[in-house]
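K.L.:
With the sequence shown counted from 1, adding 777 to any position gets you this note's numbering.
Note that beta-carbon positions come from the ideal geometry of N, C-alpha and C, so glycine has one too.
These numbers come from a predicted model, not from an experiment.
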Amino acid sequence: MNILITGAGRGLGLQLTMLAAKRGNQVVVCVREVSDTSEGLWALAARHPDQVRIESMNVTLENEVAELADKLSKESAKLDGVINNAGVLLGREHKIGTLPMNLLKSTFDVNLYGPMNVMKHMSSLMSDHSGANVINISSEAGSMASGYGGDYPYAISKTALNMFSKQLNDELRPRGIRVLSVHPGWIRTDMGGDQAPMEASESASGILDLMERKTVVDEELFFVDYSGRAMPV
């Protein structure tokens, strides 16, 4: 498969890239700035020069997304999958009374508008009726049924991302493209922290099983966890 992954410089994105390459996939790795790319990603690209391609693309800047899409199109590239992994968690320490409202905009720019920018320009490069998939990395925090008082920017942005996933799934279904919003689990990354019970590599394996359709998900579902289990909306 030819897979595009955003936010792939470290954490879950890096684990997804490593495992995707190990499974023999071709990966377009998108990072906000090439100069900020982790040594692990550079080492991976050096080991797999024919499989791992690093590209600079800030998902919050539509012009950069459009430029990369145009570049790939001119190369006659086709995508079999997109993983919208780039995300931020801001303002965790605030309740509503002290919440800086600019953090909502910054969070939505990455967590919601970023995936929308990507799919606006990359969906035309996706192969029809070939088992292609879009995976938007969401969170259980985006479940309205499990809502809690806190993490306002993050939780609300992920709820909105779930809605976008549902809408996009309905739009792309006639092309045979499946869209899933996926809770990756509580994993040990910079965002998840050291107390998280699960390694990012375990989550990455489950997410790639979804991408490769090794894990079968009922057609009516659009919000699942990394193992394909239905999440409460």
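1. Going by DSSP, name the residue or residues bridged to ARG955.
2. What does a CB cutoff of less than 7 angstroms around LEU876 pick up in its chain, not counting 5 residues either side in sequence?
3. For ALA918 versus TYR931, is the C-beta distance shorter than 8 angstroms?
4. What runs of the alpha helix (DSSP H), each 4 residues or longer, lie entirely inside the stretch 885-946?
5. Under 8 angstroms between C-beta atoms, does LEU949 make it to chain D?
6. Output the boundary residues of the alpha helix (DSSP H) element that contains GLU844.
7. Excluding the 5 residues flanking LEU1019 on each side, which residues of the same chain have their C-beta closer than 7 angstroms to its C-beta?
8. Could you work out which residue in GLY784, ILE780, ASN779 is closest to ASP967 when comparing CA atoms only?
9. Give me the Cα-Cα distance between MET878 and ILE933, rounded to the nearest whole angstrom.
10. If you drop the 5 nearest sequence neighbours on each side, which residues of the same chain put their C-beta closer than 7 angstroms to that of MET958?
11. Based on DSSP bridge pairs, tell me the residues matched to ASP1002.
12. From the DSSP output, in three-state form, read off SER833 for me.
13. Pull up the DSSP beta-bridge partners for ILE860, would you.
14. Between which two residues does the alpha helix (DSSP H) holding GLN792 run?
15. Mind checking who MET975 pairs with in its DSSP beta bridge?
16. How far does the beta strand (DSSP E) with VAL805 in it reach, from first residue to last?
17. Using the rule of at least 16 other Cβ atoms within 10 Å of the residue's Cβ for burial, across every protein chain shown, is GLY926 buried or exposed?
18. Based on the DSSP secondary-structure assignment, which residues constitute the bridge partners of ALA1007?
19. Assuming VAL865 and ASN888 make a contact with CB atoms under 8 angstroms, what is their CB distance in whole Å?
20. Rounded to the nearest angstrom, what separates ILE873 and THR936 at their Cα positions?
21. Can you tell which of LEU987, ALA843, ILE782, MET896 has its C-alpha closest to the C-alpha of LEU945?
22. With DSSP run on the structure shown, which of helix, strand or coil describes GLY868?
23. Between ASP886 and the rest of its own chain, which residues show a CB-CB distance below 6 angstroms, the 5 nearest in sequence each way excluded?
P.N.:
For this structure:
1. Stepping through the sequence shown from its first residue, residue 955 is reached at position 178. Beta bridge pairing from DSSP links ARG955 with ASN910.
2. Here residue 876 corresponds to residue number 99 of the sequence shown, with the count starting at 1. Only GLY868, TYR929 meet the Cβ criterion.
3. Locating residue 918 in the sequence shown gives position 141, where the first residue counts as 1. Locating residue 931 in the sequence shown gives position 154, where the first residue counts as 1. Between ALA918 and TYR931, the C-beta spacing is below 8 angstroms.
4. As far as the stretch 885-946 is concerned, its whole alpha helix (DSSP H) runs of at least 4 residues are 890-899.
5. Considering every chain present, this structure includes no chain D. It has just one protein chain.
6. Sequence index remark: in the sequence shown, residue 844 carries index 67 (1-based). Per DSSP, GLU844 is one residue of the alpha helix (DSSP H) stretching across 839-851.
7. This structure does not reach residue 1019, given that the chain is present from 778 up to 1010, and the question cannot be answered.
8. The residue you call residue 967 lines up with position 190 of the sequence shown. The option with the nearest alpha carbon to ASP967 is GLY784.
9. Position 101 of the sequence shown, counted from the first residue, corresponds to residue 878. Position 156 of the sequence shown, counted from the first residue, corresponds to residue 933. Roughly 13 angstroms between the two C-alpha positions.
10. In the sequence shown, counting from the first residue as 1, residue 958 sits at position 181. Looking at the sequence itself, residue 958 is Ser, so the reference to Met does not match. Correct list, in chain order: ASN913, SER915, LEU938, ASN939, SER942, PHE999, PHE1000.
11. Here residue 1002 corresponds to residue number 225 of the sequence shown, with the count starting at 1. Its beta-bridge partners are HIS960.
12. Residue numbering aside, residue 833 sits at position 56 when the sequence shown is read from its first letter. The answer is strand: DSSP assigns SER833 an E or B state.
13. As a position in the sequence shown, residue 860 is number 83, starting the count at 1. ILE782, ILE912.
14. Counting from one through the sequence shown, the residue named residue 792 turns up at place 15. Judged by DSSP secondary structure, GLN792 falls within the alpha helix (DSSP H) whose first and last residues are 788-799.
15. Position 198 of the sequence shown, counting from 1, holds the residue named residue 975. According to DSSP, MET975 bridges with ILE964.
16. Locating residue 805 in the sequence shown gives position 28, where the first residue counts as 1. Counting along the chain, the unbroken beta strand (DSSP E) around VAL805 starts and ends at 803-808.
17. Position 149 of the sequence shown, counted from the first residue, corresponds to residue 926. Label assigned to GLY926: exposed.
18. The residue given as residue 1007 occupies position 230 in the sequence shown. Looking at the DSSP assignment, ALA1007 forms a beta bridge with VAL1001.
19. Counting from one through the sequence shown, the residue named residue 865 turns up at place 88. Counting from one through the sequence shown, the residue named residue 888 turns up at place 111. About 7 angstroms; that satisfies the 8 angstroms criterion.
20. Start at 1 with the first residue of the sequence shown, and residue 873 comes out as number 96. Start at 1 with the first residue of the sequence shown, and residue 936 comes out as number 159. If you take the alpha carbons of ILE873 and THR936, they lie about 18 angstroms apart.
21. Start at 1 with the first residue of the sequence shown, and residue 945 comes out as number 168. Checking every option, the nearest Cα to that of LEU945 belongs to MET896.
22. As a first step, residue 868 is located in the sequence shown; it is residue number 91 there, counting from the start. If DSSP states are grouped into helix, strand and coil, GLY868 belongs with coil.
23. Working through the sequence shown from its first residue, we reach residue 886 at position 109. If we look at ASP886 and ignore the five residues flanking it on each side, its Cβ neighbours are THR837.
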